[in-house]
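Beneath this line is the structure, given in structure tokens, with notes to follow.
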Amino acid sequence: MNKTVMTVADATDIHWSDIDQAINAEDIVVLVDCREHGCMAEGTPHLLGWGDLVQHKAFVASEDGQRVEVIKFAECDEVPASESHWYVAGWIEDDEFKLTPERVATFVANYNSAAALAAELNGEAR
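With the sequence shown counted from 1, adding 19 to any position gets you our numbering.
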């Protein structure tokens, strides 16, 4: 199967509604240059499918049913500049893994590190 590849300089250049409707959405790949300070992909393109948002990641800690990330959705038609900032997302699972004090401590340590990094990247660190 052939893919249609589009390359854009910035997420604000993507207008999904303007893309030819004759092209199957599964056949489109969009490469967006990453120039976001702090993003692990900085200097390389983000790979998007049709309708995807550019999501920058600055930190990921994942193990034994827990995950913490520092992420930012790039400003675009769907994400206004006022909402495009670094934030922490995370979860800890207690279905398959016991909720032990050690696991909770690891999660909290990762979450606190992520919160400090997000504040620094947002220019809010003191």
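Note that beta-carbon positions come from the ideal geometry of N, C-alpha and C, so glycine has one too.
- Closest in alpha carbon position to V24, among V48, T31, A30, is V48.
- Of the other Cβ atoms in all chains shown, 16 or more fall within 10 Å of the Cβ of W105; this residue is therefore buried.
- Taking the C-beta atoms as reference points, E94 is found nearer than 8 angstroms to A30.
- Taking all protein chains in view, the Cβ of F116 is surrounded by fewer than 16 other Cβ atoms within 10 Å, so the residue is classified as exposed.
- Here the alpha carbon of L50 sits roughly 25 angstroms from the alpha carbon of A108.
- Between the beta-carbon of C53 and that of H65 there is about 6 angstroms, and that keeps the pair under the 8 angstroms contact cut.
- For the pair A77 and L140, the CB atoms are nearer than the 8 angstroms cut-off.
- DSSP places V79 inside the beta strand (DSSP E), whose first and last residues are 74-82.
- Rounded to whole angstroms, the separation of the alpha carbons of A137 and V98 is 18 angstroms.
- Following the DSSP letters along the chain, one finds R54 in no alpha helix (DSSP H), marked with neither H nor E.
- Nearest neighbour of S36 by Cα position, chosen from D113, I90, D71, N21, turns out to be D71.
- E115 carries a coil assignment under DSSP once its states are collapsed to helix, strand and coil.
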